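S.K.: Got a structure for you, written out below as structure tokens; questions coming shortly.
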Amino acid sequence: MALSRAEEWAKAKEFVAEHADELHDLDSPSALFKYCEKKRHGGKSLWPKVRTELRKQLGIDLDQMRADAAAALADKARHLSDSSADAPTVELYTAGELLEKPSRDDPDEVEIVPAFAIADLAGDPVWFGNVHPNDRDKMTDELAVATDAARKAVWLAGQVRDDQGLEMVRVIIHHSHPGLDAAALARAGVKHLVAVTLSHVDDSAENPATAICLDAPGYRDWHEHRLSDLLATPAASGR
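Put into structure tokens, the structure is as follows:
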């Protein structure tokens, strides 16, 4: 039987009081939610009441935690950018497109499939293919797929950094979508120690990743590419 509203409030209050020490030790909204969910207090109706009790009893404000985390991440992104002038540089072209392709369920039907491509500075393909089916629901427009391709480029630059044993790298992403969020991509680079610079290519015909995305068949795995070749400027130190 479902709990009444009053019973849910009482349950949330008791739960927070009982687990106060453990909850105080959790330092992020996601960690708090996962803990509460594991304890069966993360349901759609109960969770908002638990959040309120966290704020009332323990002074834990999840919205403020998110804001503080976002500000800290932005500061780290700015620090990376300020430190990147002499960093080894990776330059990549990116593109993301929504393509009409035969349905896998019915070849006579057409489905819209988000696809991406990443090319090196010479215009040669590095990584391309359809977006993974598990991620396609989020790819509802051209900006979403262009952003996905750019985020893959940031991640790939991080793989170059790791492969070459570098402290950090700078990635210059040449793209053709004016709506890309430079600040969001810079924040995405923080955990990979990648400083991100965007360079808009006005004519998509001059972006080799666009043609690869539209015309290249199948899938190319980034593992097929020698990562050291993606460094546009040589590393002063590393492997």
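Residues 18 to 256 in my numbering are what the sequence shown spells out, letter by letter. C-beta atoms are modelled at their ideal positions from N, C-alpha and C, and glycine is treated no differently. The structure presented is a predicted model; accordingly, all values stated were derived computationally and were not measured.
Considering only residues of the same chain and omitting the five flanking positions on each side of residue 134, which have a CB-CB separation below 6 Å?
M.R.: As a first step, residue 134 is located in the sequence shown; it is residue number 117 there, counting from the start. Counting only Cβ-Cβ distances below 6 Å, and skipping sequence neighbours, we find 112, 145, 226, 229 and 230.
S.K.: Nearest CA to the CA of residue 108: which residue from 129, 214, 46 and 232?
M.R.: Walking along the sequence shown from the start, residue 108 turns up at place 91. Measuring from the Cα of residue 108, the nearest candidate turns out to be 214.
S.K.: Specify the secondary structure class of residue 183 as computed by DSSP and reduced to three states.
M.R.: Within the sequence shown, the letter at position 166 stands for residue 183. If DSSP states are grouped into helix, strand and coil, residue 183 belongs with coil.
S.K.: For residue 73, which residues does DSSP report across the bridge?
M.R.: In the sequence shown, counting from the first residue as 1, residue 73 sits at position 56. DSSP, once it has assigned bridges, lists no residue as partnering residue 73.
S.K.: Once the 5 residues before and after residue 75 are set aside, which same chain residues still bring their CB inside 8 Å of it?
M.R.: Translated into positions along the sequence shown, residue 75 becomes position 58. Answer for residue 75: 33, 37, 40 and 41, listed in chain order.
S.K.: If residue 29 and residue 63 are in contact, beta carbons under 8 Å, what's the gap, nearest whole angstrom?
M.R.: In the sequence shown, counting from the first residue as 1, residue 29 sits at position 12. In the sequence shown, counting from the first residue as 1, residue 63 sits at position 46. Between residue 63 and residue 29 the Cβ distance is about 6 Å, and since that is below 8 Å, they are a contact.
S.K.: Going by the beta-carbon positions, is the gap between residue 171 and residue 186 smaller than 8 Å?
M.R.: By one-based count along the sequence shown, residue 171 stands at place 154. By one-based count along the sequence shown, residue 186 stands at place 169. No; because the gap between Cβ atoms is not below 8 Å, this pair is not in contact.
S.K.: Could you tell me whether any non-hydrogen atom of the ligand NAP is closer than 7 Å to the CB of residue 103?
M.R.: No copy of the ligand NAP appears in this structure; indeed no ligand is present at all.
S.K.: Going by the beta-carbon positions, is the gap between residue 193 and residue 224 smaller than 8 Å?
M.R.: Translated into the one-based positions of the sequence shown, residue 193 becomes position 176. Translated into the one-based positions of the sequence shown, residue 224 becomes position 207. Result yes, Cβ atoms of residue 193 and residue 224 sit closer than 8 Å.
S.K.: What are the start and end residues of each continuous alpha helix (DSSP H) run of 4 or more residues lying completely inside the stretch 161-209, in chain order?
M.R.: The stretch 161-209 contains these whole alpha helix (DSSP H) runs: 199-207.
S.K.: What number of angstroms, rounded off, separates the C-alpha of residue 117 from the C-alpha of residue 66?
M.R.: In the sequence shown, the residue the question calls residue 117 occupies position 100. In the sequence shown, the residue the question calls residue 66 occupies position 49. Distance between the alpha carbons of residue 117 and residue 66 is about 45 Å.
S.K.: Would you mind stating whether residue 45 and residue 84 have Cβ atoms separated by less than 8 Å?
M.R.: Numbered from its first residue, the sequence shown carries residue 45 at position 28. Numbered from its first residue, the sequence shown carries residue 84 at position 67. Contact flag unset, no.
S.K.: For residue 27, count neighbouring C-beta atoms within 10 Å of its own C-beta (all shown protein chains included) and say buried if the count is 16 or more, exposed if not.
M.R.: Here residue 27 is taken as the residue at index 10 of the sequence shown, counted from 1. Result: exposed.
S.K.: The alpha helix (DSSP H) with residue 33 in it runs from where to where?
M.R.: Position 16 of the sequence shown holds residue 33. First-last of the alpha helix (DSSP H) with residue 33: 22-35.
S.K.: Pop quiz: residue 161 and residue 190 are said to be a contact at Cβ under 8 Å. What is the actual Cβ separation, rounded to whole angstroms?
M.R.: Position 144 of the sequence shown, counted from the first residue, corresponds to residue 161. Position 173 of the sequence shown, counted from the first residue, corresponds to residue 190. 16 Å between Cβ atoms; not a contact.
S.K.: When you compare the CB positions of residue 89 and residue 110, do they come within less than 8 Å of one another, or not?
M.R.: For the purposes of this step, residue 89 is taken as the residue at position 72 of the sequence shown. For the purposes of this step, residue 110 is taken as the residue at position 93 of the sequence shown. No. Outside cutoff.
S.K.: Let me confirm a value: residue 105 is counted as buried when at least 16 other C-beta atoms fall within 10 Å, else exposed. Which label applies?
M.R.: Residue mapping note: residue 105 aligns to position 88 of the sequence shown, counting from 1. Counting Cβ neighbours within 10 Å, residue 105 comes out buried, since at least 16 surround it.
S.K.: Excluding sequence positions up to five away, which residues of its chain have a Cβ less than 7 Å from the Cβ of residue 197?
M.R.: Stepping through the sequence shown from its first residue, residue 197 is reached at position 180. Closer than 7 Å at the Cβ level, and outside the excluded window around residue 197, lie 163, 164, 167 and 215.
S.K.: Here's the rule: buried if 16 or more other CB atoms are within 10 angstroms of the residue's CB, otherwise exposed. What is residue 217?
M.R.: Walking along the sequence shown from the start, residue 217 turns up at place 200. Under this definition residue 217 is an exposed residue.
S.K.: Opposite residue 110 in the DSSP bridges: which residues?
M.R.: In the sequence shown, residue 110 corresponds to position 93, counting from 1. Paired residues: 136 and 191.
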